[in-house]
Each structure stands twice: as structure tokens, then as C-alpha cells.
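Taken in sequence, the protein lines are chains A and B. At position 11 of the first sequence the residue is numbered 11 (our numbering), and the sequence of numbers has no breaks. In our numbering, each residue carries its 1-based index in the second sequence increased by 113. Note that the Cβ used here is the ideal one computed from N, Cα and C, for glycine as well.
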Amino acid sequence: NAGVTQTPKFRILKIGQSMTLQCTQDMNHNYMYWYRQDPGMGLKLIYYSVGAGITDKGEVPNGYNVSRSTTEDFPLRLELAAPSQTSVYFCASRPGTSGYEQYFGPGTRLTVT
Amino acid sequence: QKEVEQNSGPLSVPEGAIASLNCTYSDRGSQSFFWYRQYSGKSPELIMFIYSNGDKEDGRFTAQLNKASQYVSLLIRDSQPSDSATYLCAVMVSSNTGKLIFGQGTTLQVKP
Numbered sequence: 001n002a003g004v005t006q007t008p009k010f011r012i013l014k015i016g017q018s019m020t021l022q023c024t025q026d027m028n029h030n031y032m033y034w035y036r037q038d039p040g041m042g043l044k045l046i047y048y049s050v051g052a053g054i055t056d057k058g059e060v061p062n063g064y065n066v067s068r069s070t071t072e073d074f075p076l077r078l079e080l081a082a083p084s085q086t087s088v089y090f091c092a093s094r095p096g097t098s099g100y101e102q103y104f105g106p107g108t109r110l111t112v113t
Numbered sequence: 114q115k116e117v118e119q120n121s122g123p124l125s126v127p128e129g130a131i132a133s134l135n136c137t138y139s140d141r142g143s144q145s146f147f148w149y150r151q152y153s154g155k156s157p158e159l160i161m162f163i164y165s166n167g168d169k170e171d172g173r174f175t176a177q178l179n180k181a182s183q184y185v186s187l188l189i190r191d192s193q194p195s196d197s198a199t200y201l202c203a204v205m206v207s208s209n210t211g212k213l214i215f216g217q218g219t220t221l222q223v224k225p
């Protein structure tokens with residue numbers, strides 16, 4: 001099992017550009033999450049999904065969108081990138097009722113200039 | 114606004130000492146509590162979780178929970194330089210969705 005994979009690892013965007021951060025898990029987990037982590041801070045939940053076709057907002061959803069068409073994939077879309085979106089983005093998944101642990105991907109480091 | 118508070122540190126302890134990390138939370142209805150370790154430039158990894166009042170031990174790690182005081186702590190015995198990392202406290206605010214609220218993390222430095 002590869003676990004949770006994220007692409008790209010690094011990206012530099014210009015203000016106003018758009019991009020999609022990819023997240024894939026091969027553990028057949030129902031629950032998936034997107035977090036952002038600013039320097040020296042904890043993780044803030046952006047969006048989450050409890051299963052294919054079901055998504056909801058977290059603490060800091062503004063400027064982002066998600067979709068969940070399959071169990072495996074949970075892409076995060078940034079529209080009109082702003083410097084405030086410079087951060088490290090982590091995707092995580094968990095099995096659901098059989099376990100509470102969230103498994104994290106390696107992260108995407110995004111810089112918006 | 115549900116909050117989780119940690120002292121950002123750094124907390125510096127000598128090798129072999131006990132490191133004590135603390136966390137308070139605001140949501141009295143929270144049921145499950147987690148400690149994640151994060152090495153610099155890496156993703157968080159779960160090291161302990163606890164949901165009952167009292168202590169839970171796993172090797173050199175002990176998690177302590179006091180729901181009345183809304184307080185969670187992590188003790189690391191016989192601290193090693195490899196324990197140097199940021200420790201994130203997380204509180205599950207919804208068991209239906211698994212949503213976690215994270216503290217800002219405490220940086221631990223273990224000096225040889």
C-alpha cells in the first residue's frame with residue numbers, strides 16, 4: 001500500500017492563478033480531509049468528506065473547493081490564488097467506524113507570489 | 114469557536130529526562146484526544162490517543178486526560194534526541210465526521 005499520496009510536492013503560483021492539489025489513498029478509507037499548516041502553527045481543516053459524493057466545509061474553506069467522485073481521490077482546487085494561501089497542505093484519510101487515526105500524506109508546499 | 118491551546122515552546126530537556134507537554138481545550142463535550150508528532154518538514158504521525166479519564170501508557174509515552182479540567186498531557190520518559198520534534202495536540206469535536214481541532218504544537222528539543 002502506498003497510503004496517502006499527494007502531488008505536487010512543491011509549487012509556486014502567481015497571484016490570480018488557479019491549481020488543483022491532488023490527493024489519493026489506496027486504503028479504501030471513507031473519510032478524507034484537507035488541512036493547511038502555516039509556519040509555526042497547527043493544522044487548520046479546510047474541507048472534509050465522509051464518503052464519495054459528500055463533502056463539507058471545515059474551519060477555513062474560503063478560496064478553496066473540493067470534489068469527491070471516487071473513494072480514492074479527493075482533489076483540492078484553489079481559484080484565484082492569493083499570498084494568504086501560501087502554506088503547506090496536508091491530505092489525510094481515516095477508515096471510519098473501525099478506527100479514529102488519521103493517516104497523513106507527505107504534504108504539498110505552496111508559495112503564492 | 115472551539116479552541117485547543119498549547120505552549121509553543123521550545124521545551125528543552127536533557128537526554129534521559131522526562132518531557133511533559135500540556136494541552137487545554139475549550140469544548141467540554143469533546144470525547145477523544147490525540148497526540149501527533151511532527152518532525153521538521155514531515156507530516157504528522159499519531160503517537161497516542163486517549164478517551165477515558167486517567168492515564169494511558171505506551172512504551173515511553175504516557176497520555177493523561179482530565180475532562181473536568183479540560184486538560185490533556187503527554188509525558189515522554191527517558192527522552193532521546195530522536196524525540197526532538199513538534200508535538201501536536203488534537204481534539205475530536207465530532208465523532209460522526211472525525212473532525213479534529215489542532216493546537217499550534219509544542220516544539221521539544223532533547224539535548225544530548
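Chain B contact for residue i (CB, 7 Å cutoff)
i: M41/A; result: yes
i: R11/A; result: no
i: R94/A; result: yes
i: Y64/A; result: no
i: E61/A; result: At residue 61/A the sequence reads Pro, which differs from the Glu that was named. By this cut-off, P61/A is not an interface position.
i: F104/A; result: yes
i: V112/A; result: no
i: E72/A; result: no
i: G3/A; result: no
i: Y89/A; result: no
i: W53/A; result: Strictly speaking, residue 53/A in this sequence is Gly, with Trp absent from that position. Taking Cβ atoms only, chain B never reaches closer than 7 Å to G53/A, which makes this a no.
i: Y100/A; result: yes
i: Y47/A; result: no
i: G16/A; result: no
Residue from the options with nearest C-alpha to residue i
i: N166/B; options: I160/B, L159/B, T175/B; result: T175/B
i: A198/B; options: I160/B, Q114/B, Y138/B, Q222/B; result: Q222/B
i: D171/B; options: M161/B, N179/B, K180/B, L178/B; result: M161/B
i: S84/A; options: D38/A, G51/A, D73/A, T55/A; result: D38/A
i: V117/B; options: K224/B, P225/B, L213/B, T220/B; result: L213/B
i: G107/A; options: L80/A, Q17/A, T24/A, V60/A; result: T24/A
i: G96/A; options: L13/A, V50/A, K14/A; result: V50/A
i: M41/A; options: Y164/B, G122/B, G211/B, I163/B; result: G122/B
i: Y64/A; options: R94/A, T70/A, I54/A, L78/A; result: L78/A
i: G58/A; options: W34/A, P8/A, R68/A; result: W34/A
Residues that DSSP places opposite residue i in a beta bridge
i: A203/B; result: F147/B, F215/B
i: K57/A; result: Y47/A
i: T111/A; result: I12/A
i: S125/B; result: Q222/B
i: D191/B; result: Per DSSP, none; premise fails for D191/B.
i: E72/A; result: DSSP, once it has assigned bridges, lists no residue as partnering E72/A.
i: E118/B; result: T137/B
Min CB distance residue i to chain A below 7 Å
i: P123/B; result: no
i: P157/B; result: yes
i: T137/B; result: no
i: Q183/B; result: no
i: Q222/B; result: no
i: T219/B; result: no
Residue i in three-state terms, based on DSSP
i: D196/B; result: helix
i: Q222/B; result: strand
i: Q183/B; result: coil
i: N65/A; result: strand
i: Q177/B; result: strand
i: Y171/A; result: Beyond the ends of chain A as shown, which are 1 and 113, falls residue 171/A; an answer cannot be given.
Where the beta strand (DSSP E) through residue i begins and ends
i: F10/A; result: 10–13
i: Y32/A; result: Contrary to the premise, residue 32/A reads as Met rather than Tyr in this sequence. M32/A -> beta strand (DSSP E) spans 31–37.
i: Y47/A; result: 43–51
i: L80/A; result: No beta strand (DSSP E) holds L80/A; DSSP gives it neither H nor E.
i: I160/B; result: 158–163
i: S93/A; result: 87–94
i: Y152/B; result: Run containing Y152/B: none; DSSP gives neither H nor E here.
i: K169/B; result: 167–171
i: Q22/A; result: 19–25
i: T137/B; result: 132–138
i: Q6/A; result: 4–7
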